[in-house]
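First comes the structure, then the notes that go with it.
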Amino acid sequence: MAKMRMTPSEAICETLLAEGVDHVTGIVGSAFMDLLDLFPTAGIQFIPVRHEQSAGHMEDAYTRVTGRAGVLIGQNGPGITNMVTSVAAANMAHTPMVVICPSAGTPTVGWDGFQEADTVQIFKAITKETIRVPHPSRAADCLRTAFRIAYAERGPVLYDIPRDYFYGEIDEQILEPHQYRVSQRGCGDLDAIAKAAELLASAKRPVIISGRGIVDTKAKDIVGKIAEILSAPVACTYLHNDAFPSDHPLWLGPIGYMGSKAAMNTVAEADVMLALGTRLSVFGTTPQYDINYFPDSAKIIQVDINPRHIARTHPVEVGLIADAKEAAKAILKGLEAKIPSPQVKEEYLAVIKSRQEAWDKEIVDLAMVDGEPINPRRALWEIQKALPEHAIVSTDIGNVSSTANSYLRFKGEGMHIAALTFGNTGFAYPAALGAQMAAPDAPVVAIVGDGAWGMSLHEVSTAVEHNLPVVAIVFRNMAWCAEKKNQIDFYNNRFIGADILNPESFVPVAIAMGAEGIRVTSPEEVGPALEKALASRKPTVLEIVCDGTQLAPPFRKDALKMPTRLLPKYQHLDVRNWQ
Numbered sequence: 001m002a003k004m005r006m007t008p009s010e011a012i013c014e015t016l017l018a019e020g021v022d023h024v025t026g027i028v029g030s031a032f033m034d035l036l037d038l039f040p041t042a043g044i045q046f047i048p049v050r051h052e053q054s055a056g057h058m059e060d061a062y063t064r065v066t067g068r069a070g071v072l073i074g075q076n077g078p079g080i081t082n083m084v085t086s087v088a089a090a091n092m093a094h095t096p097m098v099v100i101c102p103s104a105g106t107p108t109v110g111w112d113g114f115q116e117a118d119t120v121q122i123f124k125a126i127t128k129e130t131i132r133v134p135h136p137s138r139a140a141d142c143l144r145t146a147f148r149i150a151y152a153e154r155g156p157v158l159y160d161i162p163r164d165y166f167y168g169e170i171d172e173q174i175l176e177p178h179q180y181r182v183s184q185r186g187c188g189d190l191d192a193i194a195k196a197a198e199l200l201a202s203a204k205r206p207v208i209i210s211g212r213g214i215v216d217t218k219a220k221d222i223v224g225k226i227a228e229i230l231s232a233p234v235a236c237t238y239l240h241n242d243a244f245p246s247d248h249p250l251w252l253g254p255i256g257y258m259g260s261k262a263a264m265n266t267v268a269e270a271d272v273m274l275a276l277g278t279r280l281s282v283f284g285t286t287p288q289y290d291i292n293y294f295p296d297s298a299k300i301i302q303v304d305i306n307p308r309h310i311a312r313t314h315p316v317e318v319g320l321i322a323d324a325k326e327a328a329k330a331i332l333k334g335l336e337a338k339i340p341s342p343q344v345k346e347e348y349l350a351v352i353k354s355r356q357e358a359w360d361k362e363i364v365d366l367a368m369v370d371g372e373p374i375n376p377r378r379a380l381w382e383i384q385k386a387l388p389e390h391a392i393v394s395t396d397i398g399n400v401s402s403t404a405n406s407y408l409r410f411k412g413e414g415m416h417i418a419a420l421t422f423g424n425t426g427f428a429y430p431a432a433l434g435a436q437m438a439a440p441d442a443p444v445v446a447i448v449g450d451g452a453w454g455m456s457l458h459e460v461s462t463a464v465e466h467n468l469p470v471v472a473i474v475f476r477n478m479a480w481c482a483e484k485k486n487q488i489d490f491y492n493n494r495f496i497g498a499d500i501l502n503p504e505s506f507v508p509v510a511i512a513m514g515a516e517g518i519r520v521t522s523p524e525e526v527g528p529a530l531e532k533a534l535a536s537r538k539p540t541v542l543e544i545v546c547d548g549t550q551l552a553p554p555f556r557k558d559a560l561k562m563p564t565r566l567l568p569k570y571q572h573l574d575v576r577n578w579q
């Protein structure tokens, strides 16, 4: 396409179309109204939300499901700053995203004009890059750069354009994505591939850690073949329970907080570890259940698309800057040359199976302890049994939501969309809405505590408006229970700010907003209620009244200490003076 006369707004719109963008999420504002006016004619749907933070979470999940970078937009100043938390979460999750950020008009910059904020500085620490359009003629060029970096570095990019730069006339050529960006990294260094295959072939106790990169590249089948040729068990990285099928005989389950003891005990014994598509985050590899499952003796082969993540948290024997799928294919090819037929380590596999069975029994036994009225573990167990294989499940952060890491299992095309290590509450429900937009026919549920629900229930109106049949499973225990558990274990049951005064029920609230509502007060009702909600294909709030005293271990046991007090007026709070 040759250069043509157009407005900057038209150049932006046409660049979005070239990138395959079919919708943009946010809240209407005067700053970008000239661009917004083009969307219906261009075929770009504007998805209005109730709070801009939700837009970021929705696009985060949309991208995780589709692989296409999400786009969000808001009013200059407060509209954009409302996105800080969700953009920071996407940055920690390594989710490509473009934030179209109108900023104050150039004639008044520095005068503290209405809704003026230096959003470039605000977002620098929580994006891969902040790009400021220096002149209206650069509107399309800078947007192309934003998409290029978002895909290449796997994260959000802020595209800042002064609100007066949408107007005027420019000469622009609209390029196709292949003309300005390349996102594939290939399999990595071939010598490193050969060394990785050699290490794995000679390993006595190889273990595979499968991460987000395997999910994004749809490479679970290749991981399965590597596992089978080596008789190597496979663990999923923290909160990526969908990174390996749970019905595979070599599946171990997830590592990390409330993960699988079978996985962590097995990883702890590994002599060679193949970490595919994972940054091996600090919290995701922190000892759990007093198991230090990343021993120094293991030789780690780490594959990640971002060179900054290789060996950042754990020393490696082989590092591969590569696409997870391409690297896995190359490693498999190397192994097939060295091992003509699969190694069958019957004795080792028997040990793995016994660990899996013991872990299954432990979490079921914990779920079967009576609760008043419902043990939250029992509810999670019933939910897992009732979920279709192709369900998409989003999870929030908190005591119950995090305990879901013990119970959630995925076999086929189902997906786990979790808050991950940014750990902000209020993630799961808007993320579920974004996932439903990405996969309209899939059953989608969000697992949410009532604290997080208070931050996201306003988006029920968004679900109703756009006919998104997400089921919000709200655990009603009347407290911020992750923090309450900390106050139990470390502060002698002194509860400050932990209790939540909720409405008598969230069901009438949901109905008043146009959604369906179901309240469950016995464990036997959980599965049938979820099946009914999913079958309705309507936005539904499933409220589970659960026992607020049955709590998982402290979430940040690694970061808390028993309190000591030095001033006389606080001596009664000192751990040495507890009764």
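Heads up, the sequence shown is in full-length UniProt numbering, so the first residue is 1 and it goes up one at a time.
All residues carry an ideal CB built from backbone N, CA and C; glycine is no exception.
Small disclaimer: the values here were computed from a predicted structure and weren't measured.
Between the alpha carbons of Val-65 and Cys-101 lies a distance of about 24 angstroms.
Rounded to whole angstroms, the gap between the alpha carbons of Ala-431 and Asp-221 is 26 angstroms. Val-507 and Val-470 have their alpha carbons spaced roughly 15 angstroms apart. In the three-state reduction of the DSSP assignment, Thr-217 falls in the coil class, being assigned neither a helical nor a strand state. Cβ neighbours of Asn-477 within its own chain (closer than 6 angstroms, five residues either side excluded): Cys-546 and Gly-548. The three-state secondary structure of Tyr-429, taken from DSSP, is helix. Note that the segment 332–341 touches the segment 183–201; at least 3 beta-carbon pairs, one per stretch, sit closer than 8 angstroms. Between Thr-119 and Thr-81, the C-beta gap is smaller than 8 angstroms, which places the two residues in contact.
Fewer than three pairs of CB atoms, one per stretch, sit closer than 8 angstroms, so the segment 139–150 makes no contact with the segment 110–124.
When secondary structure is reduced to three states using DSSP, Gly-514 falls in the coil class, being assigned neither helix nor strand. Rounded to the nearest whole angstrom, the CA to CA distance from Leu-280 to Phe-123 is 25 angstroms. Of all C-beta pairs linking the segment 396–410 to the segment 26–40, fewer than three are shorter than 8 angstroms, placing the two stretches out of contact. In this structure, Ile-363 lies away from Val-526, with their beta-carbon atoms at least 8 angstroms apart. The residue from Leu-252, Asp-441, Ala-298 and Pro-440 with its alpha-carbon nearest to that of Ala-203 is Ala-298.
The three-state reading of DSSP puts Ile-363 in helix, counting H, G and I together.
At the C-beta level, Leu-420 and Ala-88 stay beyond 8 angstroms of one another. Per DSSP, Glu-52 is one residue of the alpha helix (DSSP H) stretching across 52–66. If you look at Asp-160, you'll find it isn't in any alpha helix (DSSP H); it sits in the beta strand (DSSP E) that goes 156–162.
According to DSSP, Pro-287 shares a beta bridge with no other residue. Between the alpha carbons of Tyr-159 and Pro-373 lies a gap of roughly 50 angstroms.
If you ignore the 5 residues before and after Glu-10, its C-beta comes within less than 7 angstroms of the C-beta of Leu-38, all in its own chain and listed in chain order. If the five residues before and after Arg-68 are omitted, its C-beta is found closer than 7 angstroms to the C-beta atoms of Gly-20, all from its own chain and listed in chain order.
Here the segment 2–9 makes no contact with the segment 49–57; the two share fewer than three CB pairs at distances below 8 angstroms. In the three-state reduction of the DSSP assignment, Trp-111 falls in the coil class, being assigned neither a helical nor a strand state. As for any beta strand (DSSP E) of minimum length 3 sitting wholly inside the segment 449–519, the runs are 471–476, ordered along the chain. A direct Cα-Cα distance of roughly 8 angstroms separates Cys-142 from Arg-132. The segment 69–76 and the segment 170–188 do not touch, with fewer than three beta-carbon pairs separated by less than 8 angstroms.
Remark: C-beta atoms of Ala-515 and Val-460 approach each other more closely than 8 angstroms. Taking Ala-482 as the centre and dropping the five residues before and after it, the same chain places the C-beta of Gly-398, Asn-399 and Phe-555 closer than 6 angstroms to its C-beta, in chain order. Its Cα nearest to that of Cys-236, the residue Gly-253 stands out among Ala-328, Pro-249 and Gly-253.
When DSSP states are grouped into helix, strand and coil, Thr-119 belongs to the helix group. Taken through DSSP and simplified to helix, strand or coil, Trp-251 comes out as strand. Following the DSSP letters along the chain, one finds Phe-46 inside the beta strand (DSSP E) bounded by residues 45–48.
Of Glu-357, Cys-187 and Ser-522, the smallest CA-CA separation from Arg-378 is found for Ser-522.
A straight line joining the alpha-carbon of Ala-263 with that of Glu-317 spans about 22 angstroms. DSSP places Asp-191 in the uninterrupted alpha helix (DSSP H) bounded by 190–202.
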